[in-house]
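**Student:** Numbering (this note's numbering), first residue to last: 12 to 233. Pasting a structure below so you can have a look.
So this is what it looks like as structure tokens:
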């Protein structure tokens, strides 16, 4: 089993001063878009809060797995106890994953409000940049869907492994095949996670650039 430590980059919070001066329709659309995009960040607060506990649970499970690997089959009772601890951790990871998924779904619902606003932006250059932002975010949502499915699949395979380890007569070949399958699944998770982080970083950068070029008076960025 590989070391996982799957950390996800979060959306940047951008704080604006009293937004725009003037009241033409393009400025109004930009201000409304700013409000929606920052509401999207708020919707992902729950997503953000899952990252640290998930990494910690992954670390704990890795330690348990390593300890099991140092034990011989004569210490089967100890292996069973440790496997049960790992199974409990897997359930906790599933719970955190579901909270993460729910948060991303809430973000997606909020982001849909941006599409109508973008369609009302009159300045063609600003509109193109806003549409580019929208495309990146939609890809990000699609990628998180793939990522969460791969992660869920990895958790199922984790569970299968520890159930196997609890069997007193499990063969080495079966365990080896399960670990190979598990490592392959986690590689897919890592690959999807890297793509997700790249898209999040792109989105954060382009969002800030869009704000600045739209004339927003930015006070701070977190």
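Every residue gets a Cβ at the ideal spot worked out from N, C-alpha and C, and that includes glycine. Treat the numbers as computed from the prediction; the structure is a model and nothing was measured.
Taking buried to mean at least 16 other C-beta atoms within 10 Å of its own C-beta, is residue 193 buried or exposed?
**Tutor:** With 16 or more Cβ atoms within 10 Å of its Cβ, residue 193 is classed as buried.
**Student:** For the putative contact between residue 210 and residue 147, defined by C-beta atoms under 8 Å, what is the C-beta separation to the nearest angstrom?
**Tutor:** Yes, they are in contact, since the Cβ atoms of residue 210 and residue 147 sit about 6 Å apart, within 8 Å.
**Student:** Does the region 200-219 touch the region 160-171, meaning 3 or more C-beta pairs lie closer than 8 Å?
**Tutor:** The region 160-171 is in contact with the region 200-219.
**Student:** Would you check if there are 3 or more beta carbon pairs closer than 8 Å linking the region 130-144 to the region 106-118?
**Tutor:** Contact between the region 130-144 and the region 106-118 is absent, because fewer than three Cβ pairs lie under 8 Å.
**Student:** Could you pull out every residue in the same chain whose Cβ sits closer than 6 Å to the Cβ of residue 51, ignoring the five residues on either side in sequence?
**Tutor:** Cβ within range, chain order: 118, 121, 122.
**Student:** So, residue 196 versus residue 168, is the Cβ gap smaller than 9 Å?
**Tutor:** Yes.
**Student:** With a cut-off of 8 Å on the beta carbons, I'd call residue 115 and residue 58 a contact; round off their distance for me.
**Tutor:** The Cβ separation is near 6 Å, so the contact holds.
**Student:** Contact defined as beta carbons within less than 8 Å: I believe residue 221 pairs with residue 144. What is the distance between those atoms, to the nearest angstrom?
**Tutor:** Contact holds; Cβ gap of about 6 Å.
**Student:** Take residue 75 as the anchor and find which of 212, 176, 134 has the nearest alpha-carbon.
**Tutor:** Closest option to residue 75, Cα to Cα, is 176.
**Student:** Rank 56, 21, 225, 22 by C-alpha distance to the C-alpha of residue 132 and give the top, closest one.
**Tutor:** When each option's Cα is compared against that of residue 132, the closest is 225.
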